[in-house]
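As given, the protein sequences belong to chains A and B, one line each in that order. Quick note on our numbering: the first sequence kicks off at 3 and runs consecutively. Quick note on our numbering: the second sequence kicks off at 3 and runs consecutively. Note that beta-carbon positions come from the ideal geometry of N, C-alpha and C, so glycine has one too. Note that this is a predicted model, so its numbers are computed, not measured. Shown next, in structure tokens, is the structure this report addresses.
There are 2 protein chains.
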Amino acid sequence: MEANTFSITDLAEEFQVTSRTIRFYEDKGLISPERHGLTRVYSRGDRARLKLILRGRRLGFSLQEIKKMIDLYNPDGEPMEQLKYTLQKCDDQLQKLVEQRKDINDAIEELESGIADLKDYLNARIAGKEPAKKKLA
Amino acid sequence: MEANTFSITDLAEEFQVTSRTIRFYEDKGLISPERHGLTRVYSRGDRARLKLILRGRRLGFSLQEIKKMIDLYNPDGEPMEQLKYTLQKCDDQLQKLVEQRKDINDAIEELESGIADLKDYLNARIAGKEPAKKKLA
DNA sequence: GTTGACGTTTACGTAAACGTCAACTAGACA
DNA sequence: TGTCTAGTTGACGTTTACGTAAACGTCAAC
């Protein structure tokens with residue numbers, strides 16, 4: 003059977019983050035493992051929560067946003083509010099990402115044509131040996 | 003005829019940046035206008051250089067990288083070195099942007115499917131909430 | 001002679017997400 | 001007992017691209 007508790011390095015290794023990062027998340031209130039003395043002991047729930055945090059990060063959410071989504075989740079109550087909040091945030095983030103993608107696509111296009119121009123110019127210089135000195139845009 | 007010199011606010015307005023930003027670029031050695039007394043006076047060349055800087059920013063280059071590209075440009079010498087450097091940097095940046103785009107596309111996909119799931123779940127909850135009574139769209 | 005617009009400098013603040021370092025402790029092993 | 005390892009805390013450092021404030025100069029207009 004798999005373990006039911008984990009050390010900080012267990013999780014750090016599993017998810018490829020530093021233990022400092024995990025402690026940082028704790029500082030920010032995103033996760034709060036139990037303690038045996040001073041030592042942090044992570045439950046399966048904590049592990050799942052960390053997974054969620056990292057997933058949120060991958061999707062481009064800020065730690066604050068992630069914290070809100072998690073805070074809102076109350077196992078006793080209706081999950082509606084949390085889900086609605088999360089859904090809204092996801093929609094927002096989706097918009098942001100779509101815009102970013104557009105910006106990046108534009109930049110890529112501009113770069114590609116710029117690169118092509120540069121290459122042409124360099125090739126011409128090499129081929130023509132010494133064409134006239136011209137000004138670049 | 004158009005003006006041959008510009009004040010800092012001229013350029014700030016033309017390119018939609020704050021004068022603070024332009025001074026910041028000067029701090030970083032990206033541009034160095036003449037002075038009349040203390041006041042900065044920008045030539046057409048300075049203006050063109052600023053344009054290049056902002057273009058570089060749009061394409062996602064750091065100010066450091068932009069500085070190197072500009073520093074390398076020596077009007078007296080062969081432009082080959084500068085062009086090669088710039089070309090290399092453009093290629094690198096292109097790679098970075100392509101990777102970023104991929105990450106963003108992945109995130110968008112994940113978000114979209116997540117959103118769909120959430121919506122399904124919410125709709126199911128709403129539908130099941132008061133089964134025989136009302137139906138909420 | 002004062003107002004207002006614009007300019008200058010220096011210097012500290014901001015945001016995000018950690019990294020780095022020093023100093024300390026607790027437990028395990030020999 | 002001593003040493004190792006793993007863990008802890010707190011505080012400060014890093015990066016990038018500026019923003020903001022303080023305190024002052026300059027100049028033309030009214």
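**Report entry** Complete alpha helix (DSSP H) runs within the segment 54-134 of chain B (minimum length 4 residues, chain order)
**Finding:** 65-74 and 82-131
Going by DSSP, what residue range makes up the alpha helix (DSSP H) through S21 of chain B?
S21 to D29
What residues in its chain sit with their C-beta under 8 Å from that of L56 of chain A, if we drop five residues either side in the sequence? F17 and V19
Handout entry: Whole-angstrom distance between A50 of chain A and K135 of chain B, CA atom to CA atom
Key = Low local confidence applies: a pLDDT of 47 at K135 of chain B is under 50, so the model's placement there is unreliable, and no value is given.
Worksheet item: Using 8 Å as the Cβ pair cut-off and three pairs as the minimum, do the segment 63-70 of chain B and the segment 25-37 of chain B touch?
Response: yes
Q) Candidates A:G47, A:L40, A:L52 and A:G31: which alpha carbon is nearest E15 of chain A's? A) A:L52
Any C-beta of chain B under 8 Å from that of M71 of chain A | no
### Query
Is the beta carbon of T120 of chain B sitting closer than 8 Å to the one on L85 of chain A?
Note on residue identity: the sequence assigns Leu, not Thr, to residue 120 of chain B. Yes. Within cutoff.
| task | Counting only the same chain and skipping the five closest in sequence on each side, list residues whose C-beta sits under 8 Å from that of N107 of chain B. | result | none
| Out of curiosity, what's the CA-to-CA distance linking K69 of chain B and R59 of chain B? | 11 Å
Using DSSP with H/G/I as helix, E/B as strand and the rest coil, what is E15 of chain B?
helix
Taking the alpha carbon of I110 of chain A as the reference point, which residue from B:V43, B:S9 and B:V100 has its own alpha carbon closest? B:V100
ask   = What residue range is occupied by the uninterrupted beta strand (DSSP E) comprising S34 of chain B?
value = Counting along the chain, S34 of chain B falls outside any beta strand (DSSP E), and DSSP gives it neither H nor E.
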